[in-house]
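Visitor: Let me begin by handing over the structure; questions about it come next.
2 protein chains.
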Amino acid sequence: MKLYNYFRSSAAFRVRIALNLKGLEYEYVSKALLKNEHRAADYLALNPEGLIPALAVDDTVITQSLAIVEYLDEVHPQPPLLPADPLARAQVRSMALAIACDIHPLNNLRVLNHVRRLGQNDDGVNAWYRHWVSEGFRGLEQQVAKHSSARRYCFGDSLSLADVCLAPQMYNARRFDCDLTPFPTLVAVSTHLETLPAFDAARPEVQPDAR
Amino acid sequence: MKLYNYFRSSAAFRVRIALNLKGLEYEYVSKALLKNEHRAADYLALNPEGLIPALAVDDTVITQSLAIVEYLDEVHPQPPLLPADPLARAQVRSMALAIACDIHPLNNLRVLNHVRRLGQNDDGVNAWYRHWVSEGFRGLEQQVAKHSSARRYCFGDSLSLADVCLAPQMYNARRFDCDLTPFPTLVAVSTHLETLPAFDAARPEVQPDAR
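In the order they appear, the protein sequences are chains G and P. With the UniProt record's numbering, the residue at position 152 of the first sequence is 152, and numbering never jumps. With the UniProt record's numbering, the residue at position 173 of the second sequence is 173, and numbering never jumps.
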């Protein structure tokens with residue numbers, strides 16, 4: 001498998017965590033967002049969305065990080081990233097999608113660049129970023145506080161798709177100096193997740209294109 | 001089941017289509033976004049995200065439209081909204097997420113209101129809306145053109161989660177006068193979907209709170 005990747009992409013970070021958790025080898029193909037390599041013709045031929053990440057499995061390219069992670073979970077079921085019970089699966093997916101739909105897409109590089117083109121300076125862009133983290137984390141804090149058994153994982157006492165999404169979002173929230181004091185449960189869970197080798201090895205700064 | 005709903009919510013529209021496809025009865029509970037009913041204490045107690053839709057199944061509330069639709073598909077598998085093959089499932093989820101992550105969240109009411117607060121007038125807000133539809137539909141057009149058998153459905157020749165997401169997004173694109181000429185496959189598929197009773201009955205203007 002080839003992962004079209006960029007060290008700083010939060011969505012790619014999710015996929016790296018999932019690949020590591022499943023113990024799967026992959027080829028790391030860097031597409032530097034700042035150099036617009038994800039908008040070059042060769043990459044658009046593979047992924048017409050022009051976004052990172054994409055996973056090539058033989059001749060098939062899967063786009064969208066959550067579609068990739070669900071695929072990996074279906075084909076390589078150990079360790080499972082979703083519980084067995086349908087209502088529990090739904091709760092985990094709700095948490096993952098609260099990040100993947102309602103925080104991250106508002107704050108990725110292309111949107112920040114667009115907000116800048118609307119006349120916002122650095123302070124304005126940072127305020128935009130922090131606003132959507134704060135909006136999204138406010139609800140998620142309550143959901144995770146309700147469902148986490150011991151503030152080690154988002155749901156119950158085992159790893160899930162929600163954790164795969166939380167760790168990269170928390171990493172980015174710190175990078176943008178978001179105020180995390182209203183979100184003690186999310187901070188506690190993230191702090192535990194960072195101790196896990198699969199998460200540690202997926203960090204942006206240890207990827208080959210970060211150097 | 002109770003669906004916390006708003007006639008104009010594109011995400012709620014997806015869930016209404018899925019409930020109709022599965023032939024499931026539900027109680028329609030309207031939360032008027034324009035009156036901020038989704039931010040009232042009684043609703044936040046059920047859904048701390050403060051977003052529409054949410055589905056209450058007995059005492060459990062499921063948030064996030066795609067988590068709800070995947071739940072409905074797991075518990076009520078006929079007709080299936082995902083193919084059986086894992087790579088095919090991944091392609092369908094990619095299309096659905098291309099809409100649910102990379103178009104819709106940038107264009108929902110709270111974001112448009114925020115863009116207005118940054119100093120954009122009606123023209124600026126409409127330009128923002130059309131920009132993200134155009135960006136997202138450009139990639140999706142190619143994906144659907146590649147995978148649709150007869151331009152009746154997004155993937156192959158049967159209904160899927162991708163169709164459940166496309167129809168509401170196309171409805172909204174028309175409402176905001178987006179230029180659809182570059183997306184003939186998406187228009188053809190949507191035109192077919194509109195003929196299906198489950199989609200027709202889920203349209204915003206025929207919901208009880210639209211009157």
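We put the beta carbon where it would ideally sit given N, CA and C, even for glycine. Model, not experiment: these values are computed from the prediction.
Which chain G residues sit within Cβ distance under 9 Å of residue 161 of chain P?
Guide: As a working mapping, residue 161 of chain P is identified with position 161 in the second sequence. The contacting residues do not exist; residue 161 of chain P stays about 10 Å from chain G at best.
Visitor: Just to confirm my understanding: we take residue 79 of chain P, look at its own chain, exclude 5 residues before and 5 after, and list those with CB closer than 7 Å. What are they?
Guide: Looking up residue 79 of chain P in the second sequence gives position 79. Excluding residues within five positions, the ones whose Cβ falls inside 7 Å are 21 and 159.
Visitor: Could you work out which residues of chain P lie near residue 98 of chain G, taking near to mean beta carbons separated by less than 8 Å?
Guide: Here residue 98 of chain G is taken as the residue at index 98 of the first sequence, counted from 1. Chain P residues near residue 98 of chain G: 49, 63 and 64.
Visitor: Check the Cβ of residue 118 of chain G against every Cβ in chain P and list those closer than 9 Å, keeping chain order.
Guide: Numbered from 1 along the first sequence, position 118 holds the residue referred to as residue 118 of chain G. Those are 115, 118, 119, 120, 124 and 128, listed as they occur along chain P.
Visitor: Does any CB atom of chain P fall closer than 8 Å to the CB of residue 84 of chain G?
Guide: Numbered from its first residue, the first sequence carries residue 84 of chain G at position 84. So, not an interface residue.
Visitor: Taking the beta strand (DSSP E) that residue 3 of chain P falls in, what are its first and last residues?
Guide: As a working mapping, residue 3 of chain P is identified with position 3 in the second sequence. Run containing residue 3 of chain P: 2-5, per the beta strand (DSSP E) assignment.
Visitor: Determine whether the Cβ of residue 185 of chain G lies closer than 8 Å to any Cβ atom of chain P.
Guide: The count along the first sequence starts at 1 and reaches residue 185 of chain G at position 185. Judged by the 8 Å Cβ criterion, residue 185 of chain G is not in contact with chain P.
Visitor: Between residue 169 of chain P and chain G, is the shortest Cβ-Cβ distance under 8 Å, so that the two count as touching?
Guide: Counting from one through the second sequence, the residue named residue 169 of chain P turns up at place 169. Not closer than 8 Å to any Cβ of chain G, the Cβ of residue 169 of chain P fails to qualify, so no.
Visitor: Is residue 191 of chain G buried or exposed, if buried means 16 or more other CB atoms sit within 10 Å of its CB?
Guide: Locating residue 191 of chain G in the first sequence gives position 191, counting from the first residue. It counts as exposed.
Visitor: Let's see if you can read the secondary structure: which residues bound the beta strand (DSSP E) around residue 94 of chain P?
Guide: For this step, residue 94 of chain P is matched to residue 94 along the second sequence. Not the beta strand (DSSP E): residue 94 of chain P falls in the alpha helix (DSSP H), residues 86-100.
Visitor: What does DSSP give as the partner residue(s) for residue 55 of chain P in the beta ladder?
Guide: Here residue 55 of chain P refers to the residue found at position 55 of the second sequence. Beta-bridge pairing links residue 55 of chain P to P:3 and P:62.
Visitor: Which whole-angstrom value is the C-beta distance of residue 64 of chain G and residue 173 of chain P, which I expect to be below 8 Å?
Guide: As a working mapping, residue 64 of chain G is identified with position 64 in the first sequence. As a working mapping, residue 173 of chain P is identified with position 173 in the second sequence. In fact, because the Cβ distance is near 20 Å, the residues do not count as touching under 8 Å.
Visitor: With 16 other CB atoms within 10 Å as the buried threshold, where does residue 146 of chain G fall?
Guide: The residue labelled residue 146 of chain G in the question sits at position 146 within the first sequence. With fewer than 16 Cβ atoms within 10 Å of its Cβ, residue 146 of chain G is classed as exposed.
Visitor: Should residue 85 of chain P be labelled buried (16 or more other beta-carbon atoms within 10 Å of its own) or exposed?
Guide: Within the second sequence, the letter at position 85 stands for residue 85 of chain P. Label assigned to residue 85 of chain P: exposed.
Visitor: Taking only three categories from DSSP, how would you classify residue 27 of chain P?
Guide: Position 27 of the second sequence, counting from 1, holds the residue named residue 27 of chain P. Looking at residue 27 of chain P - three-state DSSP - the assignment turns out to be strand.
Visitor: List the endpoints of the continuous alpha helix (DSSP H) containing residue 115 of chain P.
Guide: As a working note, residue 115 of chain P is residue 115 in the second sequence. Run containing residue 115 of chain P: 109-117, per the alpha helix (DSSP H) assignment.
Visitor: Roughly how many whole angstroms lie between the Cα atoms of residue 8 of chain G and residue 50 of chain G?
Guide: By one-based count along the first sequence, residue 8 of chain G stands at place 8. By one-based count along the first sequence, residue 50 of chain G stands at place 50. Their Cα atoms are separated by approximately 16 Å.
Visitor: Note down the Cα distance separating residue 45 of chain G from residue 59 of chain G, rounded to an integer number of angstroms.
Guide: Against the first sequence, residue 45 of chain G aligns to sequence position 45. Against the first sequence, residue 59 of chain G aligns to sequence position 59. Approximately 12 Å between the Cα atoms of the pair.
Visitor: Alpha helix (DSSP H) containing residue 142 of chain G: first to last residue?
Guide: For the purposes of this step, residue 142 of chain G is taken as residue 142 along the first sequence, with counting starting at 1. Residues 122-147.
Visitor: Evaluate residue 139 of chain P with the Cβ neighbour count: other Cβ atoms within 10 Å of its Cβ, from every protein chain shown; 16 or more gives buried, anything less gives exposed.
Guide: To locate residue 139 of chain P, count along the second sequence from 1; it is residue 139. Flag for residue 139 of chain P reads buried.
Visitor: Three or more C-beta pairs closer than 8 Å, one from the region 112-129 of chain G and one from the region 160-170 of chain G: is that the case here?
Guide: At 8 Å Cβ cutoff, the stretches do not touch.
Visitor: With DSSP as the reference, please indicate the residues paired to residue 156 of chain P in a beta bridge.
Guide: Translated into positions along the second sequence, residue 156 of chain P becomes position 156. Paired residues: P:148.
Visitor: Looking only at its own chain, which residues have a Cβ that is under 7 Å from the Cβ of residue 153 of chain P, when we skip the five neighbours before and after it?
Guide: The count along the second sequence starts at 1 and reaches residue 153 of chain P at position 153. Correct list, in chain order: 159, 160, 163 and 189.
Visitor: So, under 8 Å CB-CB, residue 125 of chain P and residue 109 of chain P are touching, yes? Tell me the CB distance rounded to an integer number of Å.
Guide: On the second sequence, residue 125 of chain P is found 125 positions in, with the first residue counted as 1. On the second sequence, residue 109 of chain P is found 109 positions in, with the first residue counted as 1. Rounded, the Cβ-Cβ distance is 11 Å, inconsistent with contact.
Visitor: Compare the C-beta of residue 206 of chain G against all C-beta atoms of chain P and say whether one is closer than 8 Å.
Guide: Residue mapping note: residue 206 of chain G aligns to position 206 of the first sequence, counting from 1. It does not; no Cβ of chain P falls within 8 Å.
Visitor: Listed in chain order, which residues of the region 16-33 of chain G have Cβ atoms closer than 8 Å to some Cβ of chain P?
Guide: Listed by position, the residues of the region 16-33 of chain G near chain P (Cβ gap below 8 Å) amount to none.
Visitor: Within 8 Å, do at least three Cβ pairs link the region 100-107 of chain G to the region 127-142 of chain G?
Guide: Touching, yes, given that three or more Cβ pairs across the two stretches are closer than 8 Å.
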